[in-house]
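Undergrad: One structure, pasted below without further comment.
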Amino acid sequence: MTDWANKPDPQKMTSTEEPRKPDQASEEELHDHEFVPEDDEIIARAFRRSLLVIGAVALLVLLAVYLLRPATDPGEETSLATEAPREVVREEITPPRLTFVDVTQPAGIDFTHESGAAGDKLLPETMGSGVAFLDLDEDGDPDLLFSNGARWPEDGGGSSGPKLYRNDSTADGIAFADVTGPSGLDQILKETSFYGTGLAVGDADGDGLPDVFLASVGGNRLLRNEGELTFADVTTAAGVAGDADTWSTSAAFVDVDNDGDLDLFVCNYVVWSRQIDTDVDYRLTGVGRAYGPPVNYQGTQPYLYRNEGDGTFVDISAEAGIEVVNDATGVAVGKGLGVAPIDIDADGWIDLMVANDTVQNFLFHNQGNGTFSESAQTYGLAYGRQGEATGAMGVDAAHYRNDRELGFAIGNFANEMTSLYISQGDPTLYADEAITDGIGAPSRTLLTFGTLFLDVDLDGRLDLLQTNGHLENEIGTVDPSQTYEQRSQLFWNAGPDHRQTFLEIAPENGGDLARTLVGRSSAVADADGDGDLDVVLTQIGRPALLLRNDQASGHHWLRVRLQDPTSANRHALGAWVEITADGQTQRRSVVATRSYQSQSDPAVTFGLGPATSIEAATVIWPGGYRQELDPSDWNVDSIRVVTRSDS
Numbered sequence: 190m191t192d193w194a195n196k197p198d199p200q201k202m203t204s205t206e207e208p209r210k211p212d213q214a215s216e217e218e219l220h221d222h223e224f225v226p227e228d229d230e231i232i233a234r235a236f237r238r239s240l241l242v243i244g245a246v247a248l249l250v251l252l253a254v255y256l257l258r259p260a261t262d263p264g265e266e267t268s269l270a271t272e273a274p275r276e277v278v279r280e281e282i283t284p285p286r287l288t289f290v291d292v293t294q295p296a297g298i299d300f301t302h303e304s305g306a307a308g309d310k311l312l313p314e315t316m317g318s319g320v321a322f323l324d325l326d327e328d329g330d331p332d333l334l335f336s337n338g339a340r341w342p343e344d345g346g347g348s349s350g351p352k353l354y355r356n357d358s359t360a361d362g363i364a365f366a367d368v369t370g371p372s373g374l375d376q377i378l379k380e381t382s383f384y385g386t387g388l389a390v391g392d393a394d395g396d397g398l399p400d401v402f403l404a405s406v407g408g409n410r411l412l413r414n415e416g417e418l419t420f421a422d423v424t425t426a427a428g429v430a431g432d433a434d435t436w437s438t439s440a441a442f443v444d445v446d447n448d449g450d451l452d453l454f455v456c457n458y459v460v461w462s463r464q465i466d467t468d469v470d471y472r473l474t475g476v477g478r479a480y481g482p483p484v485n486y487q488g489t490q491p492y493l494y495r496n497e498g499d500g501t502f503v504d505i506s507a508e509a510g511i512e513v514v515n516d517a518t519g520v521a522v523g524k525g526l527g528v529a530p531i532d533i534d535a536d537g538w539i540d541l542m543v544a545n546d547t548v549q550n551f552l553f554h555n556q557g558n559g560t561f562s563e564s565a566q567t568y569g570l571a572y573g574r575q576g577e578a579t580g581a582m583g584v585d586a587a588h589y590r591n592d593r594e595l596g597f598a599i600g601n602f603a604n605e606m607t608s609l610y611i612s613q614g615d616p617t618l619y620a621d622e623a624i625t626d627g628i629g630a631p632s633r634t635l636l637t638f639g640t641l642f643l644d645v646d647l648d649g650r651l652d653l654l655q656t657n658g659h660l661e662n663e664i665g666t667v668d669p670s671q672t673y674e675q676r677s678q679l680f681w682n683a684g685p686d687h688r689q690t691f692l693e694i695a696p697e698n699g700g701d702l703a704r705t706l707v708g709r710s711s712a713v714a715d716a717d718g719d720g721d722l723d724v725v726l727t728q729i730g731r732p733a734l735l736l737r738n739d740q741a742s743g744h745h746w747l748r749v750r751l752q753d754p755t756s757a758n759r760h761a762l763g764a765w766v767e768i769t770a771d772g773q774t775q776r777r778s779v780v781a782t783r784s785y786q787s788q789s790d791p792a793v794t795f796g797l798g799p800a801t802s803i804e805a806a807t808v809i810w811p812g813g814y815r816q817e818l819d820p821s822d823w824n825v826d827s828i829r830v831v832t833r834s835d836s
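Numbered per the numbering used here, the sequence shown finishes at 836, counting up by one with no gaps.
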């Protein structure tokens, strides 16, 4: 076969090349031989004949068009007035000043997280522990419970354990009292090996008092609320300890089978032990041994426990279809860090959105028959914008556009930007609109754990709060663009009249929210009863922060608490509340499990802006029962307790 790439060029042959053979014609000789005068006459005759044929065909076409023309008179000529598309002009909006003030110490909160770090750089040390706003004594104001890590047994063990603070706030300000000792928590969790991670709050036994599930690196715990802010450990009797070598993270109490009592879903992270961590031996150039992503750790399966209604639970994970394995290897896929329980398609059955770290996310779609279908890829929720698995951490869900479209915000690793999935007019089709909605670029360089939707300025639109902080305390040594401590971010919802939904609040306009932290968990509630929502943030190995919302918009608000005396799910977790004020309808889910390993007050807060009355109100109770309410006597700037009525 001829090598065309190396064929000699006749124009470039030198005297050293082989001479032309005698029988080879020159290029000029070939030209003289091939182009003779007789050819011109032949070509001319062919061209004249072609013109005659083309002309005949054209005449036939014109005749056919004339004969087949419409017989009717086309009438008078008309003209259509047209104009170029008008440019959509949107007024530039300046985000308001939304100030948060650090009141941690004045309020009596002295919790400091114990990471257990002693120089060995073990992965759990950098993942943090959760926090919960919860009304344990049912007095109407939210108390605070912090989960906590511990020192490793190899390093001597010991920990201050979880901390519980009773809310004693008055009109004079936020105040909390440490009641950890009287609650019995320090005795229940006296083992040196209990390394707490996430927590879940819900009425597990249907007695009207919220109970607490504590996840950990190792066996988990279920604490029954005995009243008067005291607990009893019922883990063994309930059957929810899990495996002693499992690392559990976020958890949620949810009624997945609509039988009226709360079941329990638990995310598990990776297969981990001190020896596995040592063998993985993650390192950074210039740093040495370091904290790193979980790519070299095997995945795990989550737990789903069905509440039997008698104080016991049964593990139904396998039969429910939530155990996902790699088809090629048979190894568990999940590396769960966050879960959002939400009825994604409004069919009356709670679904579970799970944020997985470095592998595909899961959407466990409730089939209504005791089983789930893992549908994240089908729905467009499994991967990032480029089809890649992200380092997903915390997750929250909301109708943040005040329409029927549901959105999920998932915090991701550094240089991955936050994922903001929004339904596309179809509850089974989602797209990541983080960039167009204004979240993408500002969130890209930061490492986000906690994500929370909340209406900071009570204007009727949900804003987004992100808690940030890196894994590795020496990351700046190898990547100057990264820092260990990072500021939280608040994205103000500008509404539909702006070219993008969210605008980031400048650090100078956020008060103490702009402080740099090694942020992890976050939770939200109205701690001081003034109507707007306050937040609590946790850090790795450092004090937590209680931030009071000092926004001064003058907007009105309404808070709704649900009570269901017909169900063991007394606080109606999984319900929806809709209100209409000033022509705008807002829709909120009643849920405690939000953000990263944390729980928020399940009471729903509606910002009303300047509106002073409510035009309509509806509750969709768990299971789908719809209750229309008469809001004519509802007062704004107040708390409304709604009791289920089937009449």
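Cβ coordinates follow ideal geometry from the N, Cα and C atoms, glycine included.
Under three-state DSSP, which class holds residue 214?
TA: For the purposes of this step, residue 214 is taken as the residue at position 25 of the sequence shown. Summary for residue 214: the model assigns pLDDT 42, below 50, so the residue's position carries little reliability, and this model does not support an answer.
Undergrad: Between the alpha carbons of residue 631 and residue 687, how many angstroms are there, rounded?
TA: The residue given as residue 631 occupies position 442 in the sequence shown. The residue given as residue 687 occupies position 498 in the sequence shown. Taking the straight line from one Cα to the other gives about 17 Å.
Undergrad: Have a look at residue 550 and residue 821 and give me their C-alpha separation to the nearest angstrom.
TA: Position 361 of the sequence shown, counted from the first residue, corresponds to residue 550. Position 632 of the sequence shown, counted from the first residue, corresponds to residue 821. Going from the Cα of residue 550 to the Cα of residue 821 covers about 44 Å.
Undergrad: Is residue 655 buried or exposed, if buried means 16 or more other CB atoms sit within 10 Å of its CB?
TA: Counting from one through the sequence shown, the residue named residue 655 turns up at place 466. Burial call: buried.
Undergrad: Which residues does DSSP pair with residue 778 in a beta bridge?
TA: As a position in the sequence shown, residue 778 is number 589, starting the count at 1. Per DSSP, 765.
Undergrad: Our contact map puts residue 746 next to residue 796 with C-beta atoms below 8 Å; I'd like the distance itself, whole angstroms only.
TA: One-based indexing of the sequence shown puts residue 746 at position 557. One-based indexing of the sequence shown puts residue 796 at position 607. Contact flag correct, Cβ pair sits at about 6 Å.
Undergrad: Pick out the complete beta strand (DSSP E) segments inside the stretch 597-633, 3 residues or longer, and give them in chain order.
TA: Listed in chain order, the complete beta strand (DSSP E) runs (minimum 3 residues) inside the stretch 597-633 are 608-612, 619-621.
Undergrad: In three-state DSSP terms, what is residue 568?
TA: Locating residue 568 in the sequence shown gives position 379, counting from the first residue. Helix, per DSSP.
Undergrad: Let me know the secondary structure DSSP gives residue 645 once reduced to three states.
TA: Position 456 of the sequence shown, counted from the first residue, corresponds to residue 645. Reduced to three states, the DSSP call for residue 645 is coil.
Undergrad: Look up residue 829 in the DSSP assignment and say whether it is helix, strand or coil.
TA: Here the question's residue 829 lines up with position 640 in the sequence shown. Residue state, collapsed to three classes: strand.
Undergrad: For residue 255 and residue 616, I'd like the C-alpha separation in whole angstroms.
TA: In the sequence shown, counting from the first residue as 1, residue 255 sits at position 66. In the sequence shown, counting from the first residue as 1, residue 616 sits at position 427. Confidence in residue 255 is poor, its pLDDT being 47 and thus under 50, which makes the residue's placement too unreliable to answer from.
Undergrad: Classify residue 513 as buried or exposed, calling it buried when 16 or more other Cβ atoms lie within 10 Å of its own Cβ.
TA: Position 324 of the sequence shown, counted from the start, is the residue given in the question as residue 513. Buried.
Undergrad: The alpha helix (DSSP H) with residue 694 in it runs from where to where?
TA: One-based indexing of the sequence shown puts residue 694 at position 505. Element bounds for residue 694: n/a, residue is neither H nor E.
Undergrad: For residue 657, which residues does DSSP report across the bridge?
TA: In the sequence shown, residue 657 corresponds to position 468, counting from 1. Looking at the DSSP assignment, residue 657 forms a beta bridge with 637.
Undergrad: Considering just the uninterrupted stretch of the beta strand (DSSP E) at residue 805, what are its terminal residues?
TA: The sequence position of residue 805 within the sequence shown is 616, counting from 1. 805-809 is the span of the beta strand (DSSP E), which, as asked, contains residue 805.
Undergrad: Within a Cβ cutoff of 7 Å, which residues of the same chain sit near residue 364, ignoring the five residues on either side of it in sequence?
TA: Residue numbering aside, residue 364 sits at position 175 when the sequence shown is read from its first letter. Contacts found: 296, 297, 357, 358.
Undergrad: Tell me whether the beta-carbon of residue 371 lies closer than 9 Å to the beta-carbon of residue 301.
TA: Here residue 371 refers to the residue found at position 182 of the sequence shown. Here residue 301 refers to the residue found at position 112 of the sequence shown. Result no, Cβ atoms of residue 371 and residue 301 do not sit closer than 9 Å.
Undergrad: Can you find the residues in the same chain that come closer than 8 Å, C-beta to C-beta, to residue 489, ignoring five residues on each side of it along the sequence?
TA: Position 300 of the sequence shown, counted from the start, is the residue given in the question as residue 489. Same-chain partners within the cutoff: 435, 436, 457, 458, 459, 460, 521, 523, 524, 525.
Undergrad: From residue 429 to residue 423, what distance separates their C-alpha atoms?
TA: Position 240 of the sequence shown, counted from the first residue, corresponds to residue 429. Position 234 of the sequence shown, counted from the first residue, corresponds to residue 423. Rounded to whole angstroms, residue 429 to residue 423 spans 9 Å at the Cα level.
Undergrad: CA-CA distance, residue 784 and residue 701?
TA: Taking the sequence shown and counting its residues from 1, the one referred to as residue 784 is at position 595. Taking the sequence shown and counting its residues from 1, the one referred to as residue 701 is at position 512. The straight-line gap from Cα to Cα measures roughly 20 Å.
Undergrad: Measure from the alpha carbon of residue 713 to the alpha carbon of each residue in 324, 349, 452, then state which is nearest.
TA: For the purposes of this step, residue 713 is taken as the residue at position 524 of the sequence shown. Selected option, being the one with the closest Cα: 324.
Undergrad: Rounded to whole angstroms, what's the CA-CA distance from residue 649 to residue 720? Just pull it up for me.
TA: Along the sequence shown, one-based indexing puts residue 649 at 460. Along the sequence shown, one-based indexing puts residue 720 at 531. Approximately 13 Å, taken between the alpha carbons.
Undergrad: How would you write the range of the alpha helix (DSSP H) that residue 469 sits in, first residue to last?
TA: As a working mapping, residue 469 is identified with position 280 in the sequence shown. Segment 463-469, the alpha helix (DSSP H) holding residue 469.
Undergrad: Going along the chain, which unbroken runs of the beta strand (DSSP E) with 3 or more residues stay wholly within the stretch 360-410?
TA: For the stretch 360-410, whole beta strand (DSSP E) runs of length 3 or above, ordered along the chain, are 365-367, 385-391, 400-405.
Undergrad: Under 6 Å Cβ to Cβ from residue 264, same chain only, skipping five residues before and after it: list those, please.
TA: On the sequence shown, position 75 is the one that residue 264 refers to. Note that residue 264 scores a pLDDT of 49, beneath 50, so its modelled location is shaky and nothing firm can be said.
Undergrad: Hey, how far is the Cα of residue 652 from the Cα of residue 464?
TA: Position 463 of the sequence shown, counting from 1, holds the residue named residue 652. Position 275 of the sequence shown, counting from 1, holds the residue named residue 464. Each residue's alpha carbon lies about 43 Å from the other.
Undergrad: When you compare only the Cα positions, how much space is there between residue 760 and residue 791?
TA: As a working mapping, residue 760 is identified with position 571 in the sequence shown. As a working mapping, residue 791 is identified with position 602 in the sequence shown. C-alpha separation (whole angstroms): 8 Å.
Undergrad: What are the start and end residues of the beta strand (DSSP E) that includes residue 817?
TA: If you number the sequence shown from 1, residue 817 lands on position 628. 815-818 is the span of the beta strand (DSSP E), which, as asked, contains residue 817.
Undergrad: Using DSSP bridges, identify the partner residues of residue 484.
TA: Taking the sequence shown and counting its residues from 1, the one referred to as residue 484 is at position 295. According to DSSP, which records beta bridges pairwise, residue 484 is partnered with nothing at all.
Undergrad: Taking only the alpha-carbon atoms, compute the straight-line gap between residue 500 and residue 449 and give it to the nearest angstrom.
TA: Residue mapping note: residue 500 aligns to position 311 of the sequence shown, counting from 1. Residue mapping note: residue 449 aligns to position 260 of the sequence shown, counting from 1. So the two alpha carbons sit approximately 14 Å from each other.
Undergrad: Any idea what DSSP makes of residue 734, helix, strand or coil?
TA: The sequence position of residue 734 within the sequence shown is 545, counting from 1. Correct three-state label for residue 734: strand.
Undergrad: Cβ of residue 531 within 9 Å of Cβ of residue 620?
TA: Within the sequence shown, numbered from 1, the residue matching residue 531 stands at position 342. Within the sequence shown, numbered from 1, the residue matching residue 620 stands at position 431. In this structure, residue 620 does not lie closer than 9 Å to residue 531 by Cβ.
Undergrad: Below 9 Å between beta carbons: does that hold for residue 304 and residue 317?
TA: Taking the first residue of the sequence shown as 1, we reach residue 304 at position 115. Taking the first residue of the sequence shown as 1, we reach residue 317 at position 128. Cβ atoms of residue 304 and residue 317: closer than 9 Å.
Undergrad: Does the separation of the CB atoms of residue 775 and residue 769 fall below 9 Å?
TA: Position 586 of the sequence shown, counting from 1, holds the residue named residue 775. Position 580 of the sequence shown, counting from 1, holds the residue named residue 769. Contact flag set, yes.
Undergrad: Specify, as a first and last residue, the run of the alpha helix (DSSP H) that residue 509 falls within.
TA: What you label residue 509 is simply residue 320 of the sequence shown in a count that begins at 1. Unbroken alpha helix (DSSP H) run through residue 509: 506-509.
Undergrad: For residue 530, does the three-state DSSP call read helix, strand or coil?
TA: Here residue 530 refers to the residue found at position 341 of the sequence shown. Note: residue 530 maps to strand in three-state DSSP.
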